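Heads up: the structure comes next, in structure tokens.
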Amino acid sequence: MANYEALFEDEDDIFNGSPVSKYWDIQKQSIEDVQKDEFDSIVERLAVMESMLNKIHDEEQLDKIIKNYAFEHQSEIDTHKKSIYMELAGILVYRAGD
538 MANYEALFED EDDIFNGSPV SKYWDIQKQS IEDVQKDEFD SIVERLAVME SMLNKIHDEE
598 QLDKIIKNYA FEHQSEIDTH KKSIYMELAG ILVYRAGD
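Each residue of the sequence shown is one higher than the one before, starting from 538 at the first, in this note's numbering.
Rendered as structure tokens:
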């Protein structure tokens with residue numbers, strides 16, 4: 538995934554809103570089939586990552602590891618989430634032309 542950290546210096550300046558709000562604005566305007574297909578891609582990616590990690594950790598332990606990591610690295614996670622929202626918004630905009 539791309540890193541759009543430079544765009545977040547003033548979160549509400551980019552495109553007149555945060556990456557999260559802009560994603561949802563774009564998502565609301567996109568075609569339902571594209572929305573469903575992209576959501577399915579996100580769920581598939583999550584399923585693959587969980588499946589890979591479950592080979593190393595059991596589900597309960599994995600949940601604790603994720604929560605602890607998120608707590609200890611909150612700023613990094615927030616920035617990465619914004620990058621993901623921007624990338625997903627870009628995908629929806631790109632797919633709108635299909």
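No residue lacks a Cβ here, since even glycine has one placed at the ideal position from N, Cα and C. As the structure is a computational prediction, the values presented were derived from the model and not from experiment.
Beta carbon of residue i nearer than 8 angstroms to that of residue j
i, j, result
"residue 579", "residue 629", "no"
"residue 590", "residue 583", "no"
"residue 679", "residue 626", "Lying before the first or after the last residue shown, residue 679 is absent from the chain, which here runs from 538 to 635."
Through-space distance from residue j to residue i, alpha-carbon basis
i, j, result
"residue 513", "residue 571", "This structure cannot settle anything about residue 513, because the visible part of the chain is limited to 538 through 635."
"residue 573", "residue 585", "18 angstroms"
"residue 568", "residue 614", "29 angstroms"
"residue 624", "residue 602", "26 angstroms"
"residue 556", "residue 596", "31 angstroms"
"residue 554", "residue 619", "12 angstroms"
"residue 612", "residue 604", "14 angstroms"
"residue 592", "residue 616", "28 angstroms"
"residue 609", "residue 631", "35 angstroms"
Residue i versus the options, residue with shortest Cα-Cα distance
i, options, result
"residue 633", "558, 575, 553 and 557", "575"
Chain C within 8 angstroms of residue i, Cβ atoms only
i, result
"residue 587", "Absent from the structure is chain C; it holds one protein chain and no more."
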